[in-house]
Amino acid sequence: MLNYVENILCHFETCFSRKAAFRWFVSITIGLMLRSDKLGVTSIIRDLALHPGCYDSMLHFFRASSWSLEGIRKRWFSAVKQHAPLYKEGNLHVLVGDGVKQSKEGRRMPGVKKLFQESENSVKPEYIHGHMFGGFGILAGSARNWACIPLSIRLHDGLQAAREWQGASVSAASHVVQMVEDAYHAASTFGDSLLLLDRYFLTVPALEKLKELNDSGSVRMEVVTKAKRSCTAYQKPGPRRPGRRRPPKKGAAVHLKELFCSHKGQFQEA
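Sequence positions in the sequence shown follow my numbering and run 169 to 438.
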């Protein structure tokens, strides 16, 4: 097991321009795997039995200019592709994404904002103050024994003020659009893929961004999700009526659920 972990960590050595930074990266990664509590950097120092003077040096690692988060993320994608027994549906890898809202007590923490929880669970409060994360992984194993290997998780909302910070690259896109962008970025490494999402992500901006990425990129990614009950399509607009200046943009509305229910015989269960 230790040799397996060592081989994977060695993939990241070229992501660092200084040896010391890479050694801190290995120490922090092992510490996160072995820590017995979630009290930040102090947990790593305590469980690895490091000298207390290492606390400041470990904090400086996260602000070091000798590495970039994007470089580490790309190297993690290639390491998973090389070492993990990835599951394929036909010739397509399967990505799984979702959003997570994590409540936070500190109101002045970066990225913390008031969030509405759409969950139908009555235990959860309707509104919370916290972080909005978007994460995704890739399926590995077989159809009888699946496992989802996490690939990336990022803050997708509440960072408007960070756009004014020097050197900060914060996307102004919505949560659903950023999810599609992040997954397609991973698909560029793994190849043609399917992205499994829940119906919350079925929006027009997300589908437009998906089409834009597929048209301009070298790989293709398709989104598999559940349609909303209120999903509506429109027939082609008719000609301009007499007395009106502009022709209609949409035709008659068609509720897709009613349309599909009336043509059940044309569908195949899978």
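The beta carbon of each residue, even a glycine, is placed where N, CA and C say it ideally should be. Predicted model, so just to flag it, every value in this text is computed and none were measured.
Is residue i helix, strand or coil by DSSP?
i: THR393; result: coil
i: TYR255; result: coil
i: ARG243; result: helix
i: PRO373; result: helix
i: GLN429; result: First, the residue type needs correcting, since residue 429 is Cys and not Gln in the sequence shown. CYS429 falls in the helix class under three-state DSSP.
i: ASP350; result: helix
i: SER225; result: helix
i: ARG322; result: strand
i: PHE284; result: strand
i: ALA153; result: With the chain covering 169 to 438 only, the question about residue 153 has no answer from this structure.
i: ALA308; result: strand
i: ASP366; result: coil
i: LEU216; result: coil
i: ALA232; result: coil
i: ALA401; result: strand
i: TRP439; result: Not covered by the structure: residue 439. The range shown for the chain is 169 to 438.
i: LEU263; result: strand
i: ALA421; result: strand
i: LYS292; result: coil
i: VAL209; result: helix
Going by beta carbon distance, what residues of the same chain come within less than 7 Å of residue i, once the five residues before and after it are set aside?
i: LEU227; result: VAL209
i: HIS423; result: THR400
i: GLU257; result: LEU362
i: ASN382; result: ARG388, MET389
i: THR371; result: VAL344
Determine the contact status of residue i and residue j, defining contact as a CB-CB distance below 7 Å.
i: GLY302; j: HIS353; result: no
i: ASP350; j: VAL387; result: no
i: LEU161; j: THR393; result: With the chain represented from 169 up to 438, any question about residue 161 goes unanswered, as that position is not in the structure.
i: PHE304; j: GLY267; result: no
i: VAL338; j: PRO373; result: no
i: ILE306; j: LEU260; result: no
i: LEU327; j: GLY274; result: no
i: ILE240; j: CYS316; result: no
i: ALA247; j: HIS179; result: yes
i: LEU362; j: GLU380; result: no
i: GLY122; j: GLN403; result: There is no way to answer for residue 122, as the model of the chain reaches only from 169 to 438.
Return the chain-ordered list of same chain residues with a C-beta closer than 8 Å to the C-beta of residue i, the five sequence neighbours on each side being excluded.
i: PHE245; result: LEU319, ALA354, THR357, PHE358
i: GLN285; result: LYS269, LYS292, PRO293, GLU294, TYR295, ILE296
i: LYS417; result: PRO405
i: ILE212; result: SER195, ILE196, GLY199, LEU200, ARG203, LEU218, MET226
i: TRP181; result: First, the amino acid is wrong: residue 181 is Glu here, not Trp. Cβ within range, chain order: PHE190.
i: ARG367; result: THR393, LYS394, ALA395, LYS396
i: TYR223; result: VAL209, THR210, ILE213
i: MET126; result: For residue 126 there is no data in the structure shown, the boundaries of the chain being 169 and 438.
i: TRP314; result: TYR255, LEU307, ALA308
i: PHE428; result: PHE435
Starting from the C-beta of residue i, find all residues in its chain whose C-beta is less than 6 Å away, skip the five residues before and the five after it, and write them out in chain order.
i: TRP192; result: PHE229
i: PRO253; result: ALA308
i: ILE321; result: PHE301, GLY303
i: LYS281; result: GLY326
Regarding residue i and the ligand SAM, is the C-beta to nearest heavy atom distance less than 6 Å?
i: SER310; result: In the structure shown, the ligand SAM is absent, as is every other ligand, since no ligand is present at all.
Is it buried or exposed for residue i, if we count other Cβ within 10 angstroms and need 16 for buried?
i: VAL173; result: exposed
i: LEU170; result: exposed
i: LYS187; result: exposed
i: LYS377; result: buried
i: GLY433; result: exposed
i: TRP235; result: buried
i: HIS299; result: buried
Jot down the residue ranges of each uninterrupted alpha helix (DSSP H) in the segment 181 to 206, minimum 4 residues, whole runs only, in chain order.
-> 187 to 202
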